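Note sheet for the following structure.
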Amino acid sequence: MHIKSLQLKGFKSFADETEIRFSKGINCIVGPNGCGKSNVVDALKWVTGDTSSRGMRATNMKDMVFKGAMGKRAARTSEVSITISRDELLPIKENEITVTRRIKSNGDSEFLINDRKVRLKDIQELFLSIGLGHKDYVFFEQGQIDRVLRLKPEERRVLIDDAA
Amino acid sequence: MHIKSLQLKGFKSFADETEIRFSKGINCIVGPNGCGKSNVVDALKWVTGDTSSRGMRATNMKDMVFKGAMGKRAARTSEVSITISRDELLPIKENEITVTRRIKSNGDSEFLINDRKVRLKDIQELFLSIGLGHKDYVFFEQGQIDRVLRLKPEERRVLIDDAA
Amino acid sequence: ITKRFFAAFKAVNKVFRQTFKRVFGGGSARLVLTSEDPTEAGIEIEAKPPGKKHSNINLLSGGERTLVVISLLYALYSIHPAPFLVLDEIDAALDEINILRFTELLKSISEKTQVIVITHKKVTMEAADVLYGVTMEIPGISKVVGVSFALSEV
Amino acid sequence: ITKRFFAAFKAVNKVFRQTFKRVFGGGSARLVLTSEDPTEAGIEIEAKPPGKKHSNINLLSGGERTLVVISLLYALYSIHPAPFLVLDEIDAALDEINILRFTELLKSISEKTQVIVITHKKVTMEAADVLYGVTMEIPGISKVVGVSFALSEV
Ligand SMILES: Nc1ncnc2c1ncn2[C@@H]1O[C@H](COP(=O)(O)OP(=O)(O)OP(=O)(O)O)[C@@H](O)[C@H]1O
Ligand SMILES: Nc1ncnc2c1ncn2[C@@H]1O[C@H](COP(=O)(O)OP(=O)(O)OP(=O)(O)O)[C@@H](O)[C@H]1O
Ligand SMILES: [Mg+2]
Ligand SMILES: [Mg+2]
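Chains as they are written, first to last, in this note's numbering: chain X, 1 to 164; chain P, 1001 to 1164; chain A, 2001 to 2154; chain R, 3001 to 3154.
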């Protein structure tokens, strides 16, 4: 399975509705310092059910809401949608799943799978079922590449657990 | 005052006697991964009296001794000498000070100022007297550039103390 | 379960040791279990670059540590590819020669796993199948601009 | 002593605010004391890049955080230059335009302070007065080779 597209609206610095259609193979994101590249990584973590605001450089999840910029006021809602394609052999609609996560600036959260309201737990279980184990197996954050080397041996073993 | 030269022998990967003559202005050290550039930084910290082996990526100071390589056995002693020039206007011998720090593979340490045996404390006081305050003011380690931002406010204030 | 853990461990360790030698052009490395008991065993990493006689990971350089992690990552994904892999500027500490080695491993991983990398380095960009540019034309507001395909075919 | 601390704080803060604006091309930043008492006051850093409306340092990007530290370093050294300054790959997170800004500040610092930088980046090398190459012709044994002068005059 792979990611077909990612949509962001009001998420961190992505104030306006933005869609990124990912390709198979190697997708490379580039741009100047501070333009929003790592925010895309945060969006991928967030929409797949990550609950660690610290891992997204934030103090709490309300930090995910666009806080305003030159001539644009803060957003009321932050929303990220990810569309994944489940069957490599038959890229038809039935094999696509869209997961949406929303948070309002007051902290209220919403979770959707194919436009149906669900709990955060359901999103986390969905991604677990399609092969996304521990975040440490899939996400390698900026400046944290040698985090694996600094983990305790017992923490590091989850990588083998995921490989098993 | 500035550094005139740095000599390393048996220090980390610098097995053979090596001298680096620094210049005023911007001195730039380059080379491939793992060739020894950051080890030069460790040597500068070590010879100026730093006692934190962790800050030199080691578990104890014996790690400063060259441990051996292809066709070359481990060193018995690790030695670093730094020669500093005290008076910018009169670069004559009387205004140069040479500090030497040695450690044997059994852990025995020796400290010298102009070939005279002294204690570690004397080395630390000497560098304090010539303007080297906290290590955090002078040494910025690899991968630790935003350490300043992660310090507690009370820890960060030493930078202002040093500036005062 | 116990069987699966040990089987995965052995398989990953085998590829890790081979990959390390390939990436470093020699030397040796291995994963070590801290206990016989699979429910509580931890994983230690030993790595000795070519010519060097000690395997204390902390004494390795920034670039060497990155290569050790990349070798381990490659080994894990060769046994159990995740659906996608997200790498944010992991080439930051690498010199040009090592970025090339890194991209070779990445291309191999990308045959079974969708890879998303963020980088400032040309060599990494050249290895990509698709390029996405992010900008802030209006200060404070991110926008994705321009997508280029298959630069490596140019 | 109290007077000296507050005087140093004010002086450094002034240069920090100016330097931040210069480096970021706008925006604002400042140092904040956490207490009136100079013996126990801590220092907080607030930084808001141009166009952005919040000043939470943690939300800033890797490159932006590096620039904030470099601006602070410049401010400290403009008030109280240490005899030498050692920077190990601090340009790792910067894009090319920002490395140029960083080298401009470095040249200014180097008028009163002997600077030693380690880098893999060409732009930083071009700003140097002297270049030292470190190699390991024999694996595991470091050697300093070749010294080049005043590349910037080439
Ligand atoms: N909730 C938010 N509202 C508005 N802007 C935000 C929000 N959260 C983060 N930002 C902004 O996003 C920017 C950081 O973006 P990001 O970390 O993605 O940059 P980057 O492209 O990865 O840069 P670098 O190359 O330096 O790593 C910061 O300038 C920050 O101010
Ligand atoms: N006591 C020692 N004896 C022998 N070799 C050592 C010793 N301590 C460290 N080393 C070796 O020094 C090397 C690291 O050197 P260093 O950190 O200076 O590299 P570097 O040039 O900064 O590389 P990078 O560009 O990747 O940061 C490691 O390969 C390590 O094995
Ligand atoms: Mg980033
Ligand atoms: Mg280094």
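Glycine included, each C-beta is placed from N, C-alpha and C at the ideal position. In this text, all values refer to a predicted model and were calculated from it rather than measured experimentally.
Spatial neighbours of residue i within its chain, please: CB distance less than 6 Å, with the 5 preceding and 5 following residues excluded, ordered by chain position.
i: P/Q1142; result: S1038
i: P/G1107; result: K1062
i: R/V3154; result: Low per-residue confidence applies at R/V3154: pLDDT is 41, beneath 50, and the placement is therefore not dependable, though the value from the model is reported in the following sentence. Excluding residues within five positions, none has a Cβ falling inside 6 Å.
i: A/P2081; result: K2112 and T2113
i: A/S2155; result: Residue 2155 of chain A falls outside the range modelled here, since chain A spans only 2001 to 2154, and no answer is possible.
i: X/S109; result: I103
i: R/I3043; result: L3031
i: X/I113; result: V99
i: A/F2020; result: A2029 and S2071
i: A/L2131; result: S2148
i: X/K251; result: With chain X covering 1 to 164 only, the question about residue 251 of chain X has no answer from this structure.
i: X/S13; result: G36 and N39
For the putative contact between residue i and residue j, defined by C-beta atoms under 8 Å, what is the C-beta separation to the nearest angstrom?
i: A/K2014; j: P/G1068; result: Not quite, the Cβ-Cβ distance comes to about 28 Å (not below 8 Å), so this is no contact.
i: R/G3133; j: P/V1065; result: Not a contact, Cβ separation roughly 25 Å.
i: P/A1043; j: P/F1011; result: 5 Å
i: P/I1170; j: R/A3008; result: Coverage of chain P is limited to positions 1001 through 1164, which leaves residue 1170 of chain P absent and any answer about it impossible.
i: A/M2136; j: X/C28; result: In fact, because the Cβ distance is near 19 Å, the residues do not count as touching under 8 Å.
i: P/V1166; j: P/Q1007; result: Since the first residue shown for chain P is 1001 and the last is 1164, residue 1166 of chain P is missing from the structure and cannot be characterised.
i: P/S1105; j: P/R1073; result: With a Cβ gap of about 11 Å, P/S1105 and P/R1073 do not count as contacting.
i: P/S1052; j: P/N1060; result: Rounded, the Cβ-Cβ distance is 11 Å, inconsistent with contact.
i: X/F140; j: A/I2045; result: With 8 Å as the limit, X/F140 and A/I2045 do not qualify as a contact, their Cβ atoms being about 16 Å apart.
i: A/F2006; j: X/D161; result: Not quite, the Cβ-Cβ distance comes to about 12 Å (not below 8 Å), so this is no contact.
i: A/R2022; j: X/D146; result: That belief does not hold up - the Cβ atoms of A/R2022 and X/D146 are roughly 20 Å apart, past 8 Å.
i: A/V1946; j: A/L2076; result: Nothing in the structure corresponds to residue 1946 of chain A, since chain A is present only between 2001 and 2154.
Taking 7 Å as the limit between beta carbons, can you name the residues of its chain near residue i, skipping five residues before and five after?
i: P/V1158; result: H1134 and D1136
i: R/T3155; result: Residue 3155 of chain R lies beyond the residue range present for chain R, which begins at 3001 and ends at 3154; the question has no answer from this structure.
i: R/I3086; result: Sequence inspection shows Val at residue 3086 of chain R; the Ile mentioned does not correspond to that position. Correct list, in chain order: I3116.
i: P/F1127; result: T1048 and G1049
i: X/P153; result: none
i: R/T3034; result: A3041, G3042 and E3044
i: R/L3067; result: V3023, F3024 and N3098
i: A/K2107; result: A2127
i: A/E2096; result: V2123
Give every residue of the same chain whose Cβ lies closer than 8 Å to the Cβ of residue i, excluding the five residues on either side of it in the sequence, and list them in chain order.
i: X/M56; result: D42, K45, W46, D50, D63 and M64
i: A/R2017; result: S2028, A2029 and R2030
i: A/L2100; result: V2123
i: X/E96; result: K4, T83, I84, S85 and R86
i: R/K3143; result: V3134, T3135, M3136 and E3137
i: R/K3048; result: G3027, S3028, A3029, H3054 and S3055
i: A/I2057; result: I2045, E2046, A2047, R2065 and V2068
i: P/T1018; result: Q1007, L1008 and K1009
Strictly under 8 Å for the Cβ-Cβ distance: is residue i near chain B by that measure?
i: P/G1049; result: This model lacks chain B altogether, as its protein chains are X, P, A and R.
Exercise. Can you give, in chain order, each stretch of the beta strand (DSSP E) that sits fully within the stretch 53-127 of chain X and has at least 3 residues?
Worked result: Qualifying beta strand (DSSP E) stretches, in chain order: 77-85, 96-104, 109-113 and 116-118.
Exercise. Listed from N- to C-terminal order along the chain, which residues in the stretch 2113-2137 of chain A have their beta-carbon within a distance smaller than 8 Å of any beta-carbon of chain X?
Worked result: Residues passing the 8 Å Cβ filter: Q2114, V2115, I2116, V2117, I2118, T2119, H2120, T2124, M2125, A2127, A2128, D2129, V2130, L2131, Y2132, G2133, V2134, T2135 and M2136.
Exercise. When Cβ atoms are compared, which residues of the stretch 3084-3105 of chain R fall closer than 8 Å to chain X?
Worked result: A3093, L3094, D3095, I3097 and N3098
Problem set entry | chain R contacts from the stretch 1024-1044 of chain P (Cβ-Cβ distance under 8 Å) | Cβ contacts with chain R: K1024, G1025, I1026, N1027, C1028, I1029, V1030, G1031, P1032, G1034, C1035, G1036, K1037, S1038, N1039, V1040, V1041 and L1044.
Exercise. Quick one: complete beta strand (DSSP E) runs, 3+ long, within the stretch 3058-3136 of chain R?
Worked result: 3084-3088, 3114-3118 and 3130-3135
For this session: Determine which residues of the stretch 53-65 of chain X have a Cβ less than 8 Å from any Cβ of chain R, and write them out in chain order.
Result: Of all residues in the stretch 53-65 of chain X, only R57, A58, T59 and D63 come within less than 8 Å of chain R when Cβ atoms are compared, listed by chain position.
Exercise. In the stretch 1142-1154 of chain P, which residues sit with their C-beta less than 7 Å from some C-beta in chain R, listed in chain order?
Worked result: Against chain R - using a Cβ distance shorter than 7 Å - the residues of the stretch 1142-1154 of chain P are Q1142, I1145, D1146, V1148, L1149, K1152, P1153 and E1154.
Problem set entry | chain A contacts made by the stretch 3040-3068 of chain R, where a contact means CB separation under 8 Å | From the stretch 3040-3068 of chain R, only P3049, P3050, G3051, K3052, K3053 and G3062 have a Cβ closer than 8 Å to chain A.
Exercise. According to a CB-to-CB cut-off of less than 8 Å, which residues of the stretch 1102-1126 of chain P neighbour chain A?
Worked result: Within the stretch 1102-1126 of chain P, no residue qualifies.
Problem set entry | Residues of the stretch 3-24 of chain X with Cβ closer than 9 Å to any Cβ of chain R, in chain order | K12 and S13
Exercise. In the stretch 3011-3044 of chain R, which residue ranges form an unbroken beta strand (DSSP E) of at least 3 residues, counting only runs that do not cross its ends?
Worked result: 3028-3033
Exercise. What are the residues of the stretch 2008-2027 of chain A that lie near chain X, defined by any Cβ-Cβ distance shorter than 7 Å?
Worked result: A2008, F2009 and V2012
Problem set entry | Runs of alpha helix (DSSP H) lying entirely within the stretch 28-54 of chain X, each at least 4 residues, in chain order | 37-47
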